[in-house]
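Read left to right, the sequence shown gives residues 1 to 144 (the UniProt record's numbering). Step one of this worksheet: look at the structure below.
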Amino acid sequence: MRIMGLDYGSKTIGVAISDPLGLTAQGIEIIRREDENKLRKSLRRIEELVSEYQVEEIVLGFPKNMNNTIGERAQKSLELKEMLERRCGLPVIMWDERLTTVEANRTLMESGVRRENRSKYVDMIAAVFILQGYLDAKANPGTV
């Protein structure tokens with residue numbers, strides 16, 4: 001059973017996929033959007049990836065504010081969740097993604113990726129962190 005992780009941003013959607021056993025997450029792609037309000041091509045690409053990887057569940061990053069409130073970005077993520085459930089017919093789990101982009105940037109910096117190149121990868125790495133957090137919590141339900 002493969003699970004897809006998504007990091008939904010205003011201009012990009014980072015995509016990660018689990019291995020067939022659901023143990024590890026690997027980044028596979030960044031879907032770039034020309035306009036934040038136009039999601040048709042992005043949704044089509046996600047559907048293609050769902051089919052290609054035989055995904056059975058989607059984990060979508062939920063960017064809550066640090067005080068646990070739901071802001072504009074989190075509201076847009078909830079709207080994307082509804083669209084994904086309708087189009088893909090799969091369950092979409094919202095996963096707290098606070099600080100994943102910070103963590104992704106730190107990882108890229110520590111890996112020696114130059115500042116000007118980090119933006120090419122940060123959303124995909126953030127999707128990996130979102131999905132891996134979910135996979136770890138699923139494997140060890142009492143620890144999170």
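Cβ atoms here follow ideal geometry from the backbone N, Cα and C, with glycine treated the same way.
To the nearest angstrom, report how far apart residue i and residue j are at their CA atoms.
i	j	result
residue 29	residue 104	15 angstroms
residue 3	residue 97	16 angstroms
residue 145	residue 128	Nothing about residue 145 can be read from this structure; the chain reaches only from 1 to 144.
residue 90	residue 80	13 angstroms
residue 141	residue 109	31 angstroms
residue 123	residue 138	23 angstroms
residue 136	residue 23	7 angstroms
So is residue i buried or exposed if we call it buried at 16+ other beta carbons inside 10 Å?
i	result
residue 63	buried
residue 21	exposed
residue 100	buried
residue 133	buried
residue 71	exposed
Could you tell me which of the options sits nearest to residue i, measuring between CA atoms?
i	options	result
residue 164	120, 135 and 139	In this structure the chain extends from 1 to 144, so residue 164 is not present and cannot be described.
residue 39	134, 132, 77 and 126	77
residue 106	95, 92, 125 and 88	125
Taking the continuous beta strand (DSSP E) assigned at residue i, which residues delimit it?
i	result
residue 121	No beta strand (DSSP E) contains residue 121, which DSSP labels as neither H nor E.
What are the boundary residues of the alpha helix (DSSP H) that includes residue i?
i	result
residue 51	40-53
residue 80	72-88
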